[in-house]
Amino acid sequence: MGKENKKEVKLGYFYFFLFVTFITAGIIHKRVYNGPEFMMLWHLPAAVFLVLAGKNLTKHNRSRYYQSKGQ
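According to the working numbering, the sequence shown is numbered sequentially starting from 35.
Shown next as structure tokens:
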């Protein structure tokens with residue numbers, strides 16, 4: 035695993051951390067502050083960060099798959 039892949043994995047973990055943070059903030063905002071109408075304000079960005087995390091964390095496996103498929 036090269037430097038570039040390690041950077042991508044760290045960025046993926048950071049995106050996953052942001053996903054968990056936004057989901058937790060949305061739940062807290064809904065339950066504690068009684069604001070269910072603002073739940074999508076938190077959960078929509080969380081969904082974006084989940085997609086970005088998945089993309090970065092699986093980059094190595096996807097590139098290895100495409101290299102083996104091309105041979």
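Every residue gets a Cβ at the ideal spot worked out from N, C-alpha and C, and that includes glycine.
Thr92 sits in coil when the DSSP states are folded into three classes, being neither helix nor strand. Within its own chain, the residues whose Cβ lies closer than 6 angstroms to the Cβ of Leu86, once the five positions on either side in sequence are excluded, are Tyr49, listed in chain order.
Excluding residues up to 5 positions away in sequence, Phe83 lie with their Cβ nearer than 6 angstroms to the Cβ of Leu52 in the same chain. In the same chain as Pro70, and ignoring 5 residues on each side of it, the C-beta atoms closer than 6 angstroms to its own belong to Lys64, in chain order. Here Phe72 is exposed, its C-beta having fewer than 16 other C-beta atoms within 10 Å. In this model, Lys93 and Gly104 are separated by some 17 angstroms (Cα to Cα).
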